[in-house]
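*Asks:* Take the sequence shown: its position 88, counting from 1, is numbered 87 in numbering that gives the first Met the number 0, and each next residue is one higher.
Each residue gets a CB set at the ideal place from its N, CA and C atoms; glycine is no exception.
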Amino acid sequence: MTAMDIRRALTPAELSAAESLFDGPAREEWSERFLAAPGHLMLIAYVDGVPAGMVSGIEMVHPDKGAEMCLYELSVDEGYRRRGIGRALTLALADEAKARGCYGMWVGVDSDNEAALATYDAAGARDEGVFSMRGWPIGS
0 MTAMDIRRAL TPAELSAAES LFDGPAREEW SERFLAAPGH LMLIAYVDGV PAGMVSGIEM
60 VHPDKGAEMC LYELSVDEGY RRRGIGRALT LALADEAKAR GCYGMWVGVD SDNEAALATY
120 DAAGARDEGV FSMRGWPIGS
């Protein structure tokens with residue numbers, strides 16, 4: 000693989016240029032809000048100047064626990080998969096969490112998502128047991 004460069008996204012234009020890595024188009028107002036929010040960050044992996052993968056994280060702080068990093072979303076373009084980009088992005092987010100003083104990092108992942116599980120395991124994640132997720136659809 001040619002050289003990979005991982006950089007923090009700082010502008011809505013960078014998010015727009017990487018929107019093929021998202022589930023849908025990057026809306027400018029949401030991009031601005033994401034980038035302006037304390038604790039939110041997006042790291043983008045570039046291969047030959049092309050966005051090849053991204054990871055987003057949200058630093059969360061609680062009065063009795065301190066700070067931890069939530070790996071919110073990880074995506075690698077299909078043409079760049081199985082080259083270590085997902086692992087590198089995950090480790091880069093963990094490095095950022097450590098630099099911010101977080102005591103840990105976590106991710107929720109579907110139990111049948113074998114590619115994601117393999118990526119997180121390769122980056123040193125441990126299975127912490129059964130995880131159940133509940134959601135509240137709010138708004139439209």
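For the segment 15–96, list the alpha helix (DSSP H) runs that are entirely contained and at least 4 residues long, ordered along the chain.
*Replies:* Counting whole runs of 4 or more residues, the segment 15–96 contains the alpha helix (DSSP H) stretches 27–35.
*Asks:* Which same chain residues, not among the five before or five after residue 50, have their C-beta less than 8 Å away from its C-beta?
*Replies:* So the list reads 16, 17, 19, 20, 43, 44, 76, once near-sequence residues are dropped.
*Asks:* Using three-state DSSP, classify residue 111 as helix, strand or coil.
*Replies:* Of the three classes helix, strand and coil, the one that applies to residue 111 here is coil, per DSSP.
*Asks:* Give the single residue among 85, 12, 41, 58 whose Cα lies nearest to the Cα of residue 27.
*Replies:* For the residues 85, 12, 41, 58, the minimum Cα distance to residue 27 belongs to 12.
*Asks:* Quick one, which of 122, 94, 128, 48 has its alpha-carbon nearest residue 109's?
*Replies:* Looking at the Cα atoms, 128 is the closest of the given residues.
*Asks:* Are the Cβ atoms of residue 124 and residue 101 separated by less than 7 Å?
*Replies:* Not a contact, by the Cβ cut-off of 7 Å.
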